[in-house]
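Structure record follows, encoded as C-alpha cells.
Number of protein chains: 2
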Amino acid sequence: MSEVIANMSMSLDGFIADANDGIEHVFGWYGSGDVTVPTAVEWATFRVSEASAGVIRHGQATIGALIGGRRLFDLTGGWGGTHPMGVPVFIVTHTEPTDWPHPDAPFTFVTDGIESAVAQAKAAAGDRNVAVASPTIVRQCLDAGLLDAVQVDLVPVVLGKGIPFFGELAKSPVRLSDPTIVQGEGVTHLTYRVQR
Amino acid sequence: MSEVIANMSMSLDGFIADANDGIEHVFGWYGSGDVTVPTAVEWATFRVSEASAGVIRHGQATIGALIGGRRLFDLTGGWGGTHPMGVPVFIVTHTEPTDWPHPDAPFTFVTDGIESAVAQAKAAAGDRNVAVASPTIVRQCLDAGLLDAVQVDLVPVVLGKGIPFFGELAKSPVRLSDPTIVQGEGVTHLTYRVQR
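These protein sequences, in sequence, are chains D and A.
The first sequence begins at -18 in our numbering and counts up by one.
The second sequence begins at -18 in our numbering and counts up by one.
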C-alpha cells in the first residue's frame, strides 16, 4: 500500500542545511563512494557506497511521487523541470508561480493545503510511495498525522546551526519505532515508522 | 590512553531534554528491557535490552571520571553525592556551591575553565576515559578541541523543541567519523570519533 515517507539528509544535530541553505556537508555522501547511481537527470549522478546505492535504488524503485515546499522549489529552480527521482512533483504553495518556464513538466502546484497535496500525490503514485522532502511539509504532515515513516540519512557532522529537519511541532512528542539501519560511507540510513 | 567522550541520550531532532528539562522520553530506554544493570546507587538500576546492557557495562568498565555543568548538578541535586557511574565528578562552574551537603563526596568544583576540568578529570581517571554529560560542557570541549569521541544514545522520538545536545558552536562544522552502531530497544547507540 502506498505510504508517505519523509526523507532528507540530516546532520547529527538535526539540520538539513547550514544557516545559509548550504548543503555541502549534508549532501557530501552523495559523492563519497565508488558506485555510480544514475538518476532521471544528467546533472545528478550519484557516486556512493554499495550500501547507499542499495538504499537509493530502493527509493527509485518504490517512490512514485514527491511532495516539496515552495521554498525548496524556488531554491532549486524547480529542478529545471525534472526532479532527479523522475516522478511527478507536488509543490505546496500559497500561490502558483506565474513565471514557471516548464509548463509541460509533471509539476503540480497545490494551493489548498497538505491533505490535498498528499491525496493528489498518492493518486499519482498509485501503489508506490510518496516522498516528502521539505522540512515545513514534513512538519505539516506530522501535525496532520499523514506521515507513515521517516528516513533520515544521518550525516556524521555537527553544524551547530542551520535549517532543522523537524522544527517545532503542533503535537509533540512524536514517537517512532526503532529504526532499520544501513551504514554507508559518510551516512547512516535510519528508517523509522511513525507510531500513531 | 584516556579519552574524553561526550555521552548523552538524544531525541532524533537533537534534544537531550524537553523544553521543561523533562527527560521522560529520552531516558525511557533505561527502563525498556529485561536485563538488570545495577549502578553505584540504589535509586538507579537500569532495565534494558541485552544490547544496551553491553553498552552500559562497557561504560562502567572504561569510564574513570565524569565532567558535568553546574546546571545539571543543580537539576539533579548533585546526584545526592554519588553519581550512578560511581566515579569522581568534576563540575564546571563559576562559583562553588556554599551549601553542598556532601563535602566528603568525590566531587570537585572547577572554577578555572574547561581545560582545567579536563586535565583534572583525566588525572583522576588514570588510563580510563572521561565522560562529558552536559550540553554546555560538550560545546566547550568541542570548541576547545578537547573531545575525542561522541556517543549519542539516539532515541526514536521527535520532541519538536527542548535542550539541544550540541547547540551553537564557535567553530563549525565539526566532522565526525562514521559511527559504530549498537541497536537496543528504544535506543540506537552511535559512537563517533571527532575528526581533528
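A virtual CB, placed ideally from N, CA and C, is assigned to each residue, including glycine.
Per-residue burial, residue i [other beta carbons within 10 Å of its own, 16 or more giving buried]
i: Met(-9)(D); result: buried
i: Gln176(D); result: exposed
i: Gly12(A); result: exposed
i: Arg38(A); result: exposed
i: His6(D); result: buried
i: Gly61(D); result: exposed
i: Ala(-2)(A); result: buried
i: Met(-18)(A); result: exposed
i: His64(A); result: buried
i: Gly58(A); result: exposed
i: His170(A); result: buried
i: Asp2(D); result: exposed
i: Pro137(A); result: buried
i: Asp55(D); result: exposed
Reduced DSSP category for residue i - H, G, I as helix; E, B as strand; rest coil
i: His39(A); result: helix
i: Ala151(D); result: coil
i: Pro145(D); result: strand
i: Arg156(D); result: strand
i: Leu(-7)(D); result: coil
i: Ile4(A); result: coil
i: Val181(A); result: Lying outside -18 to 177, the shown extent of chain A, residue 181(A) is not represented and no answer is given.
i: Ala114(D); result: coil
i: Leu56(A); result: helix
i: Leu123(A); result: helix
i: Ala86(D); result: coil
i: Gly165(D); result: coil
i: Gly61(A); result: helix
i: Gly94(D); result: coil
i: Val107(D); result: Per the sequence presented here, residue 107(D) reads as Gly, with Val not at that position. The answer is coil: DSSP assigns Gly107(D) none of H, G, I, E or B.
Sequence-distant residues of the same chain with beta carbon closer than 7 Å to residue i, five excluded per side
i: Ala125(A); result: Ile95 and Glu96
i: Gly148(D); result: Pro116 and Arg120
i: Gly49(A); result: Val70, Ile72, Ala114, Ser115 and Ile118
Per DSSP, cross-strand counterpart(s) of residue i
i: Gln132(A); result: Asn(-12)(A) and Thr172(A)
i: Phe27(A); result: Val18(A)
i: Ala46(A); result: Val111(A)
8 Å contact criterion, which residue i and residue j should meet: CB distance rounded
i: Gly165(D); j: Ala32(D); result: 5 Å
i: Ala106(D); j: Gly45(D); result: 3 Å
i: Tyr173(D); j: Pro160(D); result: 5 Å
i: Val113(D); j: Ala(-13)(D); result: 5 Å
i: Phe146(D); j: Asp93(A); result: Actually they do not touch by this definition, with Cβ atoms about 38 Å apart.
Close beta carbons around residue i, own chain, < 6 Å, minus the five adjacent residues each side
i: Val16(D); result: Val29, Glu31 and Ala34
i: Thr89(A); result: Phe71
i: Ala151(A); result: Asp124
i: Leu53(D); result: Ser115
Heavy atom of the ligand SAH within 7 Å of residue i beta-carbon
i: Thr92(D); result: This structure simply doesn't include the ligand SAH, nor any ligand for that matter.
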